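Below is one structure; the comments refer to it alone.
In UniProt numbering, the protein residues as written are 1 to 307.
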């Protein structure tokens, strides 16, 4: 342990020497200094001195930045963030990773930026769902700007599920709509069908039957949707919901098609309840029969005259 600490301090001393200028050396040697700071950081890390390791990585990042090697500067910032993660300081860690992602974009490596944001989202999910959503949405935007729609829609999918988990259903509905648009653009129609199911569940939990119905009707334009098991199940679901038939809704929602969705959507399915406490609306025939019965009763009441 002591040997590693001494080694780290030796590398720091060498780095500082490389940064000094003199009459014969007008410009600091940023490249060599960055290398020494990196070695110092590794030695501190091995000695479990994470705060010192973080500082060494930040000094490495500064040296790379001064040397205009932004990709390596971003890598060092990410490494500093990971030291903060090891110190259980996740919000601070995420800040450094976000800074690194912006540097990757500036360097012209947006894919690396998006992947860094994705990693940051995974790190913070257990502590701050809202921040994770923000990071996944930023990653999606970076991929979308690069026309990497498959990667972008994957990030959006993570965002949508976390929004559902937070019961932010209006935002979730908008996010799922974006997913559907992207899947349609890349012609992945079967996944569009599955997203339509998720979309309908979200709308019904928002108590917006009209939006749910519109969602299904719009999907008829997708090749293969009409007559598919997804389409049939959704038609049955909407019929049961509209007629306040809890048995039918529960039967659809407990089918394998719904039960084996992503966990956040499966929970929406299991917990879906029809309005009115499950008291069925009268069917059209029953309603007409009831009206006719009422009319007959009126006639009977006055059959013997008013007196």
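Ideal Cβ positions, reconstructed from N, Cα and C, are used throughout, including at glycine. As the structure is a computational prediction, the values presented were derived from the model and not from experiment.
Cβ atoms of residue 253 and residue 269: under 7 Å apart, would you say? Residue numbering aside, residue 269 sits at position 269 when the chain shown is read from its first letter. Residue numbering aside, residue 253 sits at position 253 when the chain shown is read from its first letter. Contact flag set, yes.
Considering only residues of the same chain and omitting the five flanking positions on each side of residue 99, which have a CB-CB separation below 6 Å? Residue numbering aside, residue 99 sits at position 99 when the chain shown is read from its first letter. Once the five neighbours on either side are set aside, the close Cβ partners of residue 99 are 77.
Within 10 angstroms of its Cβ, does residue 276 collect 16 or more other Cβ (buried), or is it exposed? Stepping through the chain shown from its first residue, residue 276 is reached at position 276. Exposed, by the Cβ-count rule.
Quick one: what does DSSP say residue 320 is sitting in, helix, strand or coil? This structure leaves residue 320 out entirely; the chain is present only between 1 and 307.
Go ahead and pull the three-state DSSP assignment for residue 109. Looking up residue 109 in the chain shown gives position 109. Of the three classes helix, strand and coil, the one that applies to residue 109 here is coil, per DSSP.
In or out: residue 224 buried (at least 16 other Cβ within 10 Å) or exposed? Here residue 224 is taken as the residue at index 224 of the chain shown, counted from 1. By the beta-carbon neighbour count (other beta carbons within 10 angstroms, threshold 16), residue 224 is exposed.
Of all the options 131, 160, 166, 114, which has the alpha carbon lying nearest to the alpha carbon of residue 143? Translated into positions along the chain shown, residue 143 becomes position 143. Out of 131, 160, 166, 114, 114 has the C-alpha closest to the C-alpha of residue 143.
Near residue 207, what residues of its chain come up, given a Cβ to Cβ distance below 8 Å and the 5 sequence neighbours on each side ignored? As a first step, residue 207 must be located in the chain shown, where it is residue number 207. The answer, listed in chain order, is 275.
Is the beta carbon of residue 119 less than 7 Å from the beta carbon of residue 264? Taking the first residue of the chain shown as 1, we reach residue 119 at position 119. Taking the first residue of the chain shown as 1, we reach residue 264 at position 264. Using a Cβ distance threshold of 7 Å, residue 119 and residue 264 do not count as a contacting pair.
Since residue 149 and residue 176 are thought to touch, with beta carbons under 8 Å apart, how far apart are those beta carbons, to the nearest angstrom? As a first step, residue 149 must be located in the chain shown, where it is residue number 149. As a first step, residue 176 must be located in the chain shown, where it is residue number 176. That belief does not hold up - the Cβ atoms of residue 149 and residue 176 are roughly 16 Å apart, past 8 Å.
Please list, in chain order, all residues of the same chain as residue 166 whose beta carbon is under 6 Å from its beta carbon, the five residues on each side excluded. Here residue 166 is taken as the residue at index 166 of the chain shown, counted from 1. Within the same chain, residue 166 has close Cβ partners 129.
Cβ pair count under 8 Å reaching 3, the region 56 to 65 against the region 28 to 46: With the cut-off at 8 Å, the region 56 to 65 and the region 28 to 46 touch.
Have a look at 127, 218, 209 and flag the residue whose alpha-carbon is nearest the alpha-carbon of residue 195. The count along the chain shown starts at 1 and reaches residue 195 at position 195. Considering only 127, 218, 209, the residue with the shortest C-alpha distance to residue 195 is 218.
According to DSSP, simplified to helix, strand and coil, what is residue 13? Taking the first residue of the chain shown as position 1, residue 13 is located at position 13. In the structure shown, residue 13 sits in a helix (DSSP, three-state: H, G or I).
Kindly list the residues whose CB is nearer than 6 Å to the CB of residue 236, restricted to its own chain and excluding five residues on each side of it in sequence; keep chain order. In the chain shown, counting from the first residue as 1, residue 236 sits at position 236. Cβ neighbours of residue 236 beyond the five flanking positions: 252.
Burial state of residue 79, where buried means 16 or more other Cβ atoms lie within 10 Å: For this step, residue 79 is matched to residue 79 along the chain shown. Counting Cβ neighbours within 10 Å, residue 79 comes out buried, since at least 16 surround it.
Let me check understanding here. Comparing Cα to Cα, which of 168, 174, 135, 170 lies closest to residue 155? Taking the chain shown and counting its residues from 1, the one referred to as residue 155 is at position 155. With respect to the C-alpha of residue 155, the residue from 168, 174, 135, 170 having the closest C-alpha is 135.
Of the listed residues 174, 181, 163, nearest to residue 211 (C-alpha basis): If you number the chain shown from 1, residue 211 lands on position 211. Selected option, being the one with the closest Cα: 174.
Within 10 angstroms of the Cβ of residue 124, are there 16 or more other Cβ atoms? Answer buried if so, exposed if not. Walking along the chain shown from the start, residue 124 turns up at place 124. Counting Cβ neighbours within 10 Å, residue 124 comes out buried, since at least 16 surround it.
Of the choices 35, 147, 246, 248, whose alpha-carbon is the least far from that of residue 57? Counting from 1 along the chain shown, the entry for residue 57 is found at position 57. If we check each option's Cα against that of residue 57, 35 comes out closest.
Measuring alpha carbon to alpha carbon, tell me which of 44, 86, 50, 273 ends up nearest residue 2. Counting from 1 along the chain shown, the entry for residue 2 is found at position 2. Closest by alpha carbon: 44.
Proximity to residue 117 [Cα-Cα], best of 81, 111, 139, 74: The count along the chain shown starts at 1 and reaches residue 117 at position 117. Of the listed residues, the one whose Cα sits closest to residue 117 is 139.
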